[in-house]
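Just below is one structure, and these are the notes that go with it.
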Amino acid sequence: MNKTIEASLAEDYNHPVRDVLWGHIYMTEKQAALTQSAPFMRLNRIMQLGPVYLVYPGATHTRASHSIGVYHLGRRLLQNLAERGASQWLTPSGIKSFLAACLLHDLGHFPYTHSLKELALTSHETLTGAIILKEPFKTLVGASGADPSLTAAIVDKDIEGNDTELLFYRKLLSGALDPDKLDYLNRDARYCGVPYGAQDVDFILSRLHPNKERGVDIDSRLIPNVESVLFSKYLMYRTVYWHRQVRSATAMIKKALITGLESGIITGDDLYNLDDTGLFTLLEHPKIKINAISALANSVKDGNIYITAAEYTPEQVNSEILHTISGNPLQKAQFEEKLAENLRKSGLEIKGEDIIIDIPEPVSFETGLFIEDEAVKFCGSSSAFKAEIVQSFIKTLYTIRIFINQKYKESIKTFLKSYSILDI
18 MNKTIEASLA EDYNHPVRDV LWGHIYMTEK QAALTQSAPF MRLNRIMQLG PVYLVYPGAT
78 HTRASHSIGV YHLGRRLLQN LAERGASQWL TPSGIKSFLA ACLLHDLGHF PYTHSLKELA
138 LTSHETLTGA IILKEPFKTL VGASGADPSL TAAIVDKDIE GNDTELLFYR KLLSGALDPD
198 KLDYLNRDAR YCGVPYGAQD VDFILSRLHP NKERGVDIDS RLIPNVESVL FSKYLMYRTV
258 YWHRQVRSAT AMIKKALITG LESGIITGDD LYNLDDTGLF TLLEHPKIKI NAISALANSV
318 KDGNIYITAA EYTPEQVNSE ILHTISGNPL QKAQFEEKLA ENLRKSGLEI KGEDIIIDIP
378 EPVSFETGLF IEDEAVKFCG SSSAFKAEIV QSFIKTLYTI RIFINQKYKE SIKTFLKSYS
438 ILDI
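Written out as structure tokens, the structure reads:
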């Protein structure tokens, strides 16, 4: 390995951070200073999995601990790749920029997991890039040996750039075996107390081969590990991330925010730089006169989650309706009100705010890895996980649900026997 590159990855890493998952994680003092800044401290107040603690009480780990874990795996990844030839196109500044990007990649993340994802807001990647490029944080990043512009561009792909090193780092940070995924699968499984996410990280990192254009390639010996990652992600979505109660709580917060934004009493700017407590404080603020907003927020905070009234596969729902309301929060809110109106005509006194139609957002399973000794991409390799298998994962996960206020738990059963909730 190039001595300068080796020094960039090995010298002055003498600041220990004790982590539940990875043990001692070592940073330079300047990198550690980034974790002590106000923007990073906010991540200590954002739970990594939002409302998952309602189902798995141990799931109270934070975006900060995850970010430090991603930094740790990112450094180990670069060390292994540099030894296998990547040092030819790496620079000391680039290495520190990639490590800073790993550490700071969630800096602009919204609170309460993905409650705000479908709203018309600036993406958390763009917000992260802006924070990195703004003083005084820009100077802190620069002091760590990173290039703030490169660091921001690695995280925010909307920042134009075709530099070889930049594109290489982007592939490393977001791919089938990226440090982000390897940390969150292991970390989330550990804190939830489920076995599904555990990965053999040591072996995975030892078998990755650098590629200037693709980031990393693998050989066929790593195929079982990629299969494990894919199946683990599927199981974590099915049992944790998209558990029906988790989806209900997330949908309730999303509905409160949509109501607030539509009424004009909440603006997009109100939602930036919040932590979990700040989000609930906003939704309970005296300026919010619409009781439905604070009622939804308080119900989630108190654990009174809407229950599942019905479940459907996409094939069971009118395709035109599904197309209209998917990814369109305002259209969906209108359909929820229409559904409530139809139920009221049938004799059930229920309001639109008591009903939520939950449509899962798109999810992907990254299978673009190139298998060197088979000279094919993963889905065309000797793996059992062909494209149709991966699609079946997604199809199985994609359940459309109708959630209702718990106070209608008994009465709704009578109406569902004679009334199709799909007739909206």
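So the sequence shown is residues 18 to 441, counted in the working numbering. Where a beta carbon is used, it is the ideal one built from N, C-alpha and C, also for glycine.
So what does residue i bridge to, in DSSP terms?
i: H302; result: DSSP lists no partner for H302.
i: M44; result: H32
i: I421; result: I324 and I372
i: M64; result: T79
Please identify the residue among the options whose C-alpha is closest to the C-alpha of residue i.
i: V72; options: N31, A137, P346 and Y208; result: Y208
i: E383; options: L66, K155, L190 and I112; result: L190
i: F420; options: H260, D195 and D29; result: H260
i: D205; options: A266, S82, I42 and F402; result: S82
i: G40; options: D200, A312 and I373; result: D200
i: L26; options: Q65, L116 and Q105; result: L116
i: L38; options: H78, I374 and I429; result: H78
i: L121; options: T145, W106 and R101; result: T145
i: K113; options: S265, E23, N315 and L291; result: E23
i: A193; options: K424, C396, L157 and R418; result: C396
i: E244; options: T45, W106, V407 and E391; result: V407
i: D180; options: N203, D319, W106 and P196; result: W106
i: E301; options: F185, L291, L313 and S400; result: L313
i: L360; options: L252, R101 and S428; result: S428
i: L252; options: N203, K151 and H226; result: N203
i: A266; options: N321, S140, S311 and K229; result: N321
i: T413; options: G91, K426, T108 and E328; result: E328
i: A442; options: S316, G277 and I324; result: Absent from the structure is residue 442, since the part of the chain shown begins at 18 and ends at 441.
i: Q333; options: K355, I376, L296 and G369; result: I376
Specify the secondary structure class of residue i as computed by DSSP and reduced to three states.
i: G7; result: This structure cannot settle anything about residue 7, because the visible part of the chain is limited to 18 through 441.
i: V72; result: coil
i: H226; result: strand
i: Y329; result: strand
i: V211; result: coil
i: G111; result: helix
i: Q53; result: coil
i: L94; result: helix
i: G102; result: coil
i: T413; result: helix
i: V37; result: coil
i: Q216; result: coil
i: G284; result: Here the sequence assigns Thr to residue 284, which means Gly is not the residue at that position. Three-state DSSP puts T284 in coil, outside helix and strand.
i: K426; result: coil
i: D197; result: helix
i: Y289; result: coil
i: V317; result: helix
i: V334; result: coil
i: N308; result: helix
i: N19; result: coil
Exposed or buried, residue i, counting other C-beta atoms within 10 Å across all chains shown (16 or more means buried)?
i: N308; result: exposed
i: V87; result: buried
i: S409; result: exposed
i: K272; result: buried
i: L347; result: exposed
i: H340; result: exposed
i: M58; result: exposed
i: V393; result: exposed
i: F220; result: exposed
i: N422; result: buried
i: T294; result: exposed
i: E279; result: exposed
i: R92; result: buried
i: S237; result: exposed
Whole beta strand (DSSP E) elements within the stretch 358-410, 3-residue minimum
372-375
Output the residue ranges of the alpha helix (DSSP H) runs that lie fully inside the stretch 123-192 and measure 4 residues or longer, sorted by chain position.
141-149, 154-160, 165-172 and 181-190
Taking the runs of the alpha helix (DSSP H) that are 4 residues or longer, which of them lie wholly in the stretch 232-282?
240-253 and 261-280
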